[in-house]
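Q: Encoded as structure tokens, here's the structure I'll be asking about.
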Amino acid sequence: MGEWRTTDRTAPSVAEGALVGERALAELLALGGRALPLLRRWTASDPACGVARLTLATCDSLGDAALKEQLVVAHRDAQTAGEREASLVYGVFLFSHRQYRLTADHLAAHFVRWPADEVAGLMLGAFHACGDPVYRAYGDALVEEQTASAGPDNWAWVSWLAAIRAEQGRIQEAYELAGQALALNPRSGVAVHALAHTEHERGTGHDAVVLLDSWLTSDPQAAQSRHLNRHADGQPPLVFHHRDIRDRIVGQIRALTQPADPVGSLPEHLVYRDILTALPTLAARITLALTDPGFPGTEEALRSRWLLHHPAVCVITHEELAGPGRGGTIHARAQALTRLLTAISHPDPAAVPTAPPPAAPGAEDLAIGTGRALFTPAHERLLDRHHSH
26 MGEWRTTDRT APSVAEGALV GERALAELLA LGGRALPLLR RWTASDPACG
76 VARLTLATCD SLGDAALKEQ LVVAHRDAQT AGEREASLVY GVFLFSHRQY
126 RLTADHLAAH FVRWPADEVA GLMLGAFHAC GDPVYRAYGD ALVEEQTASA
176 GPDNWAWVSW LAAIRAEQGR IQEAYELAGQ ALALNPRSGV AVHALAHTEH
226 ERGTGHDAVV LLDSWLTSDP QAAQSRHLNR HADGQPPLVF HHRDIRDRIV
276 GQIRALTQPA DPVGSLPEHL VYRDILTALP TLAARITLAL TDPGFPGTEE
326 ALRSRWLLHH PAVCVITHEE LAGPGRGGTI HARAQALTRL LTAISHPDPA
376 AVPTAPPPAA PGAEDLAIGT GRALFTPAHE RLLDRHHSH
């Protein structure tokens, strides 16, 4: 990336603007603390650049109305800039509107035409945000494929693959990939985060603290500085999302008995789909879910109950997050989101969205009490017997 030097002018020239754009994207890819001012200068130097405008708009904590206005302008400008730019802007448009499944589908097609596109890589989180294990697995495989296409000297893609391997629990691979990325670019925030996770798993606490302290000292405004400080302190945030077990069980039953696509291809899900659909009534299905220890989600729910009581855990309940459209309240949702943003060291804990959560297919199952109303007294006794220890 070229080095840009400030001048007395309000906006850089086009040539200088190109260098600013390169630096801005490099900072953004690295999660660096200098990305936002560079993005502002890039947009000022080339107001018609849709990618610059949209990247800035999604990073600049704009309100909904201002963000929508910038998205429209950026999409219009990108149409004349070329097919790649138009595709990128459309992807960011979907991503910023939390249309994660559509974003993931769009990215898959985008990478076919423009392999290893680093700007598109900034939206890879869409695959995990779908909440679908099939999309998650596909996204992980896509990162591996694109990293191979980019080559071993592309620090951004090597960093993303290191992060994926850390999440998969493939610690040694993640450790080696993170080291490789940091050797190429010592400022890669994605790589240093992956390395922090691997050091935690490997038990090499002192080395991790030295590394993180050095990294944070050189860029204290980095996008994930608070989170990395928690790693350095040995106290990563613990957040537990809890939902009433009755609502969760009925929601799981409905998900498993839908057509195959929403269920996905997990073998145990397909097995229980066949078992559940063979039962004549919803009441019989609830009885099975309460009494079968192998029912999907049961073991995880039982093993995680201690999180409800641990003082170091930030507990966020589904009932709090539901909002007024699903049986909750605006006040409870705002309080819960504020606690969540504080717990994860969000750069702006006050940035709580005021709008209710967007409607989505199957959203009726997210309403408070949907399962509770379907439990009979016999079900309540089974719940007490099998799930209250």
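Going by my numbering, the final residue of the sequence shown carries number 414, and the count climbs one at a time with no gaps. C-beta atoms are modelled at their ideal positions from N, C-alpha and C, and glycine is treated no differently.
Grouping DSSP H, G and I as helix and E and B as strand, with all else coil, what is Pro341?
A: Per the sequence shown, the amino acid found at residue 341 is Ile instead of Pro. Three-state DSSP puts Ile341 in a strand.
Q: What are the residues that DSSP puts in a beta bridge with Phe265?
A: Val340
Q: Do Leu407 and Leu313 have their beta-carbon atoms positioned less than 7 Å apart in this structure?
A: Leu407 is positioned such that its CB atom lies no closer than 7 Å to that of Leu313.
Q: Quick check on DSSP: helix, strand or coil for Leu304?
A: coil
Q: Buried or exposed: where does Arg11 fall if 16 or more other Cβ atoms within 10 Å of its Cβ makes it buried?
A: The structure shown does not extend to residue 11, since the chain spans only 26 to 414, so no value can be given for it.
Q: In chain order, what residues of the same chain lie with their CB nearer than 8 Å to the CB of Gly353, ignoring the 5 residues before and after it?
A: Glu344, Glu345, Leu346, Ala347 and Ile393
Q: So, under 8 Å CB-CB, His294 and Pro318 are touching, yes? Tell me the CB distance rounded to an integer number of Å.
A: With 8 Å as the limit, His294 and Pro318 do not qualify as a contact, their Cβ atoms being about 16 Å apart.
Q: In the DSSP assignment, find the alpha helix (DSSP H) that holds Thr128 and state where it starts and stops.
A: Run containing Thr128: Tyr125 to Arg138, per the alpha helix (DSSP H) assignment.
Q: Looking only at its own chain, which residues have a Cβ that is under 6 Å from the Cβ of Tyr200, when we skip the five neighbours before and after it?
A: Closer than 6 Å at the Cβ level, and outside the excluded window around Tyr200, lie Thr223.
Q: Classify Thr128 as buried or exposed, calling it buried when 16 or more other Cβ atoms lie within 10 Å of its own Cβ.
A: buried
Q: Anyone know if the C-beta pair for Ser174 and Ala206 falls short of 7 Å?
A: no
Q: Where does the unbroken alpha helix (DSSP H) through Arg358 begin, and where does it stop?
A: Ile355 to Ala368
Q: For Gly150, which of helix, strand or coil comes out of DSSP?
A: helix
Q: For Ala188, collect the residues of the same chain with a Cβ closer than 6 Å to its Cβ; drop the 5 residues on either side in sequence, then sort them by chain order.
A: Val215 and Ala219
Q: Taking 8 Å as the cut-off, does the segment 138-154 touch the segment 106-114 (at least 3 CB pairs, one atom from each stretch)?
A: yes
Q: If you count every other CB in all the chains shown that lies within 10 Å of the CB of Ala398, and 16 or more means buried, which is it?
A: exposed
Q: Go ahead and pull the three-state DSSP assignment for Gly164.
A: helix
Q: Would you say Phe120 and Ala69 are within 7 Å of each other, going by their C-beta atoms?
A: no
Q: Check whether the Cβ atoms of Gly396 and Ile300 sit closer than 7 Å, and answer yes or no.
A: no
Q: Straight-line CA distance for Arg212 to Arg66?
A: 21 Å
Q: How would you label Trp180, buried or exposed, when you count the other beta carbons within 10 angstroms and need 16 or more for buried?
A: By the 16-neighbour rule on beta-carbons within 10 angstroms, Trp180 is buried.
Q: Helix or strand or just coil, what does DSSP make of Asp409?
A: helix
Q: Name the residue from Phe400, Thr367 and Glu324 whose alpha carbon lies nearest to the alpha carbon of Leu307.
A: Phe400
Q: Using a Cβ-Cβ cutoff of less than 6 Å, which residues in the same chain neighbour Phe265 once the five nearest sequence positions on both sides are dropped?
A: Leu332, Val338 and Val340
Q: Below 7 Å between beta carbons: does that hold for Ala51 and Leu64?
A: Cβ distance not < 7 Å, so Ala51 and Leu64 don't count as in contact.
Q: Out of Leu391, Arg126, Ala403 and Ala55, state which residue places its alpha-carbon closest to the alpha-carbon of Val217.
A: Ala55
Q: So, are the CB atoms of Leu304 and Arg298 less than 7 Å apart?
A: no
Q: Taking the continuous alpha helix (DSSP H) assigned at Gly194, which residues delimit it?
A: Segment: none, Gly194 is in no alpha helix (DSSP H) and carries neither H nor E.
Q: If we ignore side chains and look at the alpha-carbon of each, how far apart do Val288 and Asp71 end up?
A: With a pLDDT of 44 at Val288, under the threshold of 50, the predicted position of this residue should be treated as unreliable, though the coordinate-derived value follows. If I take the Cα positions, the gap works out to 46 Å.
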